[in-house]
Amino acid sequence: MNDPTETADYPIPSAPTPAPDDGPAAALRRQLDALADDGTPTDDAGIETAYNFASPAIRRRTGSYDRFARLLRSPRYAPLVDHVEAVTGPLERDWNDATRRVTVTGPDGRTRTYEFRLSPATTGPFRNCWQTDAVVVV
């Protein structure tokens, strides 16, 4: 593990991982689908999928999976977990960057809009696969 973002808990073996054939829209869709049904097939499977799709930069900032999971359960990001609807805006794509706004309806019925920023990883086990660099509340 020469890369400081490669830790014993990454990637989580039981959760989906980025695929080289997925573009940014597919990478984001896989995360949203998993987060919508966080408890299937196992508890926190959606959060684990999002963690596997987190870029090395995000994992440097958030640290361990446990810390990442706490962040996703925080009031700012909790609407993503077990959301009942996700309405995606247009994908804005530059050569190696993509952004897409997503409005989710959380399990409590409230809506929140996020901007997902993705790019192909330049390091790590998923080099050249689209991963999430940031999720910003808008």
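Residue numbers (the numbering used here): 278 to 415.
Ideal Cβ positions, reconstructed from N, Cα and C, are used throughout, including at glycine.
At the C-beta level, alanine 311 and alanine 322 come within 9 Å of one another. Contact between the stretch 298 to 316 and the stretch 356 to 376 is present: three or more C-beta pairs spanning the two stretches fall below 8 Å. Counting along the chain, no beta strand (DSSP E) covers phenylalanine 403, and no H or E run does either. Alanine 303 and glycine 366 have their C-alpha atoms spaced approximately 14 Å apart. Assignment of threonine 376 by DSSP, reduced to helix, strand and coil, places it in the strand class.
Here asparagine 373 has Ser396, Pro397 as same chain residues with Cβ atoms under 8 Å from its own Cβ, once five neighbours each way along the sequence are excluded.
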